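Everything below concerns the one structure shown next.
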Amino acid sequence: MKNDSARTITDAVIRFAGNSQDGIQAIGGFLARLAGRTDKDVMTYMTIPATISGGPSIYQVRLGTGEVLSAGDDVDFLVAFYQHSYENHIATLRDGGVLIYDSDTVKPDPDQKRYRAVGVPISSLTVEAIGGTGKDKGKNMFVLGLVARLFELDDAKLEGMLNAYYKGKGDDVIRKVVGAFHAGFAYNLGQLDEHFEFKPSDKPPARARVVMDGNQAIAYGAIAAGVRFGAGYPITPWSSIMEILRSELPKYGGTFVQAEDELAAIAMACGASYAGHVALTGTSGPGISLKSEALGWAVMAEMPLVIIDVQRGGPSTGLPTNVEQSDLNIACFTAHGDAPRIVVAPANVEDCFYTTFEAVNLAREYSCPVLVLTDQAIATRVESFEMPDFATFTQDIAPHFDPRGPDYKPYANTADGIAHHAPPGTPMVDGKYPVVTGLEHDESGHPASRPANHVMMVAKRRRKLQVLAEKLSPPAVYGPAEGDVLLVGWGSTQGPIREAVEKARAAGESVSAMHIRYLMPLQPGIGEIMDGFHHVFVVELNDEGLYGYGQLAALLRSRYCNDKIRGINKTDGLPFKVREILDQMHRKLTGREAAGEPLAVGGDEGGAG
Amino acid sequence: MSATVATARYTRKELTADHPTWCPGCGDYSILSIYFKLMEKRQIPHEKITSVAGIGCSSRFPYFVNAHGVHFLHGRAIPFATGISLSRPDLHVFVFGGDGDAFSIGGNHIDHAARKNVKMTYVIMDNEVYGLTKKQTSPTSPMGFKSKTDPTGAVDHPIEPMKKLIAGGATFVARTHSHLPNHVLEMMEQALDHDGFSVIECLSECTEFFPGAFDSANPRKGGTFQLVPPDHDVTDEVAAYRLAMAPAPGYFGVFYQVQRPTKNAFELKLITDAQSRAGSAAVRELLQKTFQKFS
Numbered sequence: 005m006k007n008d009s010a011r012t013i014t015d016a017v018i019r020f021a022g023n024s025q026d027g028i029q030a031i032g033g034f035l036a037r038l039a040g041r042t043d044k045d046v047m048t049y050m051t052i053p054a055t056i057s058g059g060p061s062i063y064q065v066r067l068g069t070g071e072v073l074s075a076g077d078d079v080d081f082l083v084a085f086y087q088h089s090y091e092n093h094i095a096t097l098r099d100g101g102v103l104i105y106d107s108d109t110v111k112p113d114p115d116q117k118r119y120r121a122v123g124v125p126i127s128s129l130t131v132e133a134i135g136g137t138g139k140d141k142g143k144n145m146f147v148l149g150l151v152a153r154l155f156e157l158d159d160a161k162l163e164g165m166l167n168a169y170y171k172g173k174g175d176d177v178i179r180k181v182v183g184a185f186h187a188g189f190a191y192n193l194g195q196l197d198e199h200f201e202f203k204p205s206d207k208p209p210a211r212a213r214v215v216m217d218g219n220q221a222i223a224y225g226a227i228a229a230g231v232r233f234g235a236g237y238p239i240t241p242w243s244s245i246m247e248i249l250r251s252e253l254p255k256y257g258g259t260f261v262q263a264e265d266e267l268a269a270i271a272m273a274c275g276a277s278y279a280g281h282v283a284l285t286g287t288s289g290p291g292i293s294l295k296s297e298a299l300g301w302a303v304m305a306e307m308p309l310v311i312i313d314v315q316r317g318g319p320s321t322g323l324p325t326n327v328e329q330s331d332l333n334i335a336c337f338t339a340h341g342d343a344p345r346i347v348v349a350p351a352n353v354e355d356c357f358y359t360t361f362e363a364v365n366l367a368r369e370y371s372c373p374v375l376v377l378t379d380q381a382i383a384t385r386v387e388s389f390e391m392p393d394f395a396t397f398t399q400d401i402a403p404h405f406d407p408r409g410p411d412y413k414p415y416a417n418t419a420d421g422i423a424h425h426a427p428p429g430t431p432m433v434d435g436k437y438p439v440v441t442g443l444e445h446d447e448s449g450h451p452a453s454r455p456a457n458h459v460m461m462v463a464k465r466r467r468k469l470q471v472l473a474e475k476l477s478p479p480a481v482y483g484p485a486e487g488d489v490l491l492v493g494w495g496s497t498q499g500p501i502r503e504a505v506e507k508a509r510a511a512g513e514s515v516s517a518m519h520i521r522y523l524m525p526l527q528p529g530i531g532e533i534m535d536g537f538h539h540v541f542v543v544e545l546n547d548e549g550l551y552g553y554g555q556l557a558a559l560l561r562s563r564y565c566n567d568k569i570r571g572i573n574k575t576d577g578l579p580f581k582v583r584e585i586l587d588q589m590h591r592k593l594t595g596r597e598a599a600g601e602p603l604a605v606g607g608d609e610g611g612a613g
Numbered sequence: 452m453s454a455t456v457a458t459a460r461y462t463r464k465e466l467t468a469d470h471p472t473w474c475p476g477c478g479d480y481s482i483l484s485i486y487f488k489l490m491e492k493r494q495i496p497h498e499k500i501t502s503v504a505g506i507g508c509s510s511r512f513p514y515f516v517n518a519h520g521v522h523f524l525h526g527r528a529i530p531f532a533t534g535i536s537l538s539r540p541d542l543h544v545f546v547f548g549g550d551g552d553a554f555s556i557g558g559n560h561i562d563h564a565a566r567k568n569v570k571m572t573y574v575i576m577d578n579e580v581y582g583l584t585k586k587q588t589s590p591t592s593p594m595g596f597k598s599k600t601d602p603t604g605a606v607d608h609p610i611e612p613m614k615k616l617i618a619g620g621a622t623f624v625a626r627t628h629s630h631l632p633n634h635v636l637e638m639m640e641q642a643l644d645h646d647g648f649s650v651i652e653c654l655s656e657c658t659e660f661f662p663g664a665f666d667s668a669n670p671r672k673g674g675t676f677q678l679v680p681p682d683h684d685v686t687d688e689v690a691a692y693r694l695a696m697a698p699a700p701g702y703f704g705v706f707y708q709v710q711r712p713t714k715n716a717f718e719l720k721l722i723t724d725a726q727s728r729a730g731s732a733a734v735r736e737l738l739q740k741t742f743q744k745f746s
């Protein structure tokens, strides 16, 4: 349906604000999937209360033609279901933005001129469309219809998706869903004499696009990489990874065990890795603390093991449903003793798939634990990306039990330090069978506490990672390779950092960015890249620490002894807004920070109840 | 799986590895010796024997067996063995450990392996004292036992292993005494044949820190080795619990044994059901199909 008054746009941020039982996630989910099917980029952002049901909740969808890097600082369209939704979120609506509110429940400020307000009797029209009992269930579908009309979205495609999604729920549910959707679509937004249409994408992708969240991408990345055993314990926001693996792995001949606790989960994974697999475990928050001892065992016994850490706010129980990047230190250094391991961090939802795939292969190749540091923001947000090429990205890593000859040593002190244990079931030709152990041991695996042996084996375990570091490529620089300011980031902040670079450069500032994917060992070339800039700011969702540097900043300082390195940190439990990065950068550059000017604190909404 | 090397019939000699580091007279020697005997008798393929242990004197066990073995963390041998058992149905998984591993630091894991009925055999070598760390009170030390952590005598009520194991849902629960090797062998052989989580509490004297602890059940020291009565119904949980109520030194033999589907079987069924629904599609096709649902 074409509308003559349609204005062409390339990007829109839409925020739905209601309560968690209103099904606003469903609106966002359908919009995101529709975007994926029509070659639009999409990124979503949501907050959910930590309570089981009820409580204010938002779902923000940013749709765009071209690359969408963040969920958006400011809201273009705010849909408010209740008075509290309006009051709590109206400040996020940009000047000149559009407020659509349920005129049955919301009374907006009649005198304001900052934005356009459009009242729609959402509750009563939904009741009218589908009958009284369906009101609470149908409002979201009514709003979906409204939005479809407003943005000239493909209503036939959307209706098809609704039919497919609710197929199993019975005809009555489908009738109500579609009825509410139609009522919303047919509603004349007369007060808003303008419609919007997305500019078509100029380069359609080679492969179909998929829309999923980061936890889904991790689970399927592990399956594609050949992981066939995992164990875990439920904890937010890691749980959905284990739920997917529990139901999906059997199809692929694999098993996922819900363990009695975090310690048992990693112990089971260690057992399966010893048995010849590359096993996976994962957790969030307190769980990673609990897994520390066994992680050290896997370093000592040189077991291939993948550990997913979906970071949330800490310490202790902390902020279970908020984001933080405050587990970098524990990921790099947890476990007593000198315990080198590999740490990698995905930058976005798509990267969750590929990083997990790579983590499995790093674990196999280097026979050590590999931590994948993702976070609550990636875990729960939905993005669209090109379907992976499964001809390349599937592999069979079933264990092999080839007999080992008389020269075989499970912990051979090789030039690169790399050696692989023989899983049980492997016949030993000379009849001498190995024991795998957490005690310091000699090359054959016998306990050995001789001073020279410990020196040799500590160095061997460290050397593997040094060999890996030499093979890695330097991080790419986003923007020119030299300039005034370098923003350094890791993990989920990549998108907002890149958007900050683009905004700053558009304003004539000399700003580039470097994204570090391999946190341990660090990629080569980082020092040289930093040398090309006058200022280096490490942007992290963690505290500036006792000495003024966040966790990656401190790691880079200890590695490069470079006093240019400073931090841009925040701890409000919400993803970085582009504006927040730039504000802090400007404060540090102009000396306003040193002059003691206070920083505006906090986002506009909290997640945890 | 690749070709295997043909193994000749092996004997105790081939199964013997390092000389045990245990003290002279330690009850654990006898259990090791019987394990060799069992392996020799049953001729389990050499490369399929897997011995797992936690931390403690008895947990040194795998080093003394020339077969695939693991020395894992204190208290976590059971979940480790669970990972092996559920991912490798071809292996025979034995777990060895002491009373500290089983009933103190790892106390939670027994109940879960037991209720899930994960296939493995667990031999708890109970000496009622912490030996490796040189005489501290253990969770099974009797009240009044004098140790370095209880110089005036233990004040905490001890764990009663048989009660805990039966209540936890273990499907094979037996009790034996390392001074009676024939009985130990009989229990271990029955445990090996049991399809499920089989656990044996084996009293094993620490001659260094708790000498004479089990003399009252040792006929050679004037004690009475009281077998489980022949009319005991091993499938009767209440009767098993009643046996467990007997005062020290108690009964010896199989207290409880029932057949219940193993977790191994349940998980295998999940796989066969899922694969029969999915058909014979390759991994690539399955993933492709799944991802299409996300498009």
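Taken in sequence, the protein lines are chains R and U.
In this text, residue positions in the first sequence follow our numbering: the first is 5, and each later residue adds one.
In this text, residue positions in the second sequence follow our numbering: the first is 452, and each later residue adds one.
Idealized CB from N, CA, C, for every residue including glycine.
This structure is a prediction, so every number in the text was calculated from the model and none was measured.
Proximity to E637 of chain U [Cα-Cα], best of U:F703, U:L738, U:T467 and U:T472: U:F703
Test: W242 of chain R CB closer than 9 Å to a CB of chain U: Answer no: the Cβ-Cβ gap between W242 of chain R and chain U never drops below 9 Å.
Continuous alpha helix (DSSP H) stretch holding F580 of chain R: start and end: From DSSP, F580 of chain R is part of no alpha helix (DSSP H); its letter is neither H nor E.
Cross-chain neighbours of H470 of chain U in chain R, by beta carbon under 7 Å: In chain order: nothing, as chain R lies at least about 12 Å away.
Q220 of chain R, enclosing alpha helix (DSSP H) - first and last residue: G218 to A228
Euclidean distance between Cα positions of I239 of chain R and V709 of chain U: Between I239 of chain R and V709 of chain U, the C-alpha separation is close to 34 Å.
Distance between M534 of chain R and V481 of chain R (C-alpha atoms, nearest Å): 10 Å
H538 of chain R - DSSP class collapsed to helix/strand/coil: strand
Residues near A121 of chain R in its chain [Cβ-Cβ closer than 7 Å; skip 5 each side]: L103, Y105 and P112
Reduced DSSP category for A187 of chain R - H, G, I as helix; E, B as strand; rest coil: DSSP places A187 of chain R in helix when its eight states are reduced to three.
For T12 of chain R, the residue or residues it bridges with in DSSP: R:E201
Partners in chain U for I245 of chain R, counting only beta-carbon separations shorter than 7 Å: Neighbours of I245 of chain R on chain U: none; closest Cβ ~15 Å, over 7 Å.
Y90 of chain R in three-state terms, based on DSSP: helix
According to DSSP, residues forming a beta bridge with D379 of chain R: R:Q315, per the DSSP bridge assignment.
Inter-residue spacing [alpha-carbon to alpha-carbon] between F146 of chain R and N23 of chain R: 16 Å
Anticipated Cβ contact below 8 Å, Y237 of chain R with G275 of chain R, distance rounded: Their Cβ separation, rounded to whole angstroms, is 15 Å, which puts Y237 of chain R and G275 of chain R out of contact at 8 Å.
Beta-bridge pairing of S516 of chain R - partner residues as DSSP gives them: Paired residues: R:L490.
Partners in chain U for C356 of chain R, counting only beta-carbon separations shorter than 8 Å: Within 8 Å Cβ-Cβ: nothing; C356 of chain R doesn't reach chain U, min ~13 Å.
For D446 of chain R and V376 of chain R, believed in contact at Cβ under 8 Å, the rounded distance: Contact flag wrong, Cβ pair sits at about 32 Å.
Of the residues U:T472, U:V516 and U:I506, the one placed nearest L489 of chain U, counting alpha carbons only: U:V516
8 Å Cβ shell around E354 of chain R - same chain, five flanking residues per side excluded: Result list for E354 of chain R: A221, E387, F389 and E390, in chain order.
P428 of chain R to V546 of chain U span [Cα, whole Å]: 14 Å
Straight-line Cα distance separating D175 of chain R from E247 of chain R: One C-alpha to the other measures close to 29 Å.
Local conformation of D159 of chain R per DSSP, three classes: If DSSP states are grouped into helix, strand and coil, D159 of chain R belongs with the helices.
Reduced DSSP category for V503 of chain U - H, G, I as helix; E, B as strand; rest coil: Reduced to three states, the DSSP call for V503 of chain U is strand.
Beta-carbon proximity list for C605 of chain U, same chain, < 8 Å, skipping 5 on both sides: One point to set straight first is that residue 605 of chain U is Ala, not Cys, in the sequence displayed. So the qualifying residues of the chain are T588, S592, P593, M594, G595, F596, K597 and S598.
Closest residue to M461 of chain R among R:S74, R:T378 and R:A423 (Cα-Cα distance): R:A423
Helix, strand or coil at V124 of chain R according to DSSP, with G and I counted as helix: Correct three-state label for V124 of chain R: strand.
The segment 398–410 of chain R / the segment 466–477 of chain U touching (three or more Cβ pairs under 8 Å): They do not touch, by the three-pair rule.
Contained beta strand (DSSP E) runs [length at least 3] in the segment 260–334 of chain R, N- to C-terminal order: 283–287 and 309–315, all fully within the segment 260–334 of chain R.
According to DSSP, residues forming a beta bridge with V521 of chain U: Paired residues: R:V440 and U:V503.
Selected residue, minimal CA-CA separation from L129 of chain R, among R:A335, R:D108 and R:A268: R:D108
Own chain, CB closer than 7 Å to D552 of chain U, minus 5 neighbours either side, in chain order: G505, I506, G507, S510, H525, G526 and A528
Unbroken alpha helix (DSSP H) run spanning G40 of chain R, endpoints: I28 to R41
V471 of chain R in three-state terms, based on DSSP: Reduced to three states, the DSSP call for V471 of chain R is helix.
Beta-carbon contacts of R711 of chain U that lie in its chain and below 8 Å, excluding the five residues immediately before and after: Cβ neighbours of R711 of chain U beyond the five flanking positions: N568, T622 and G647.
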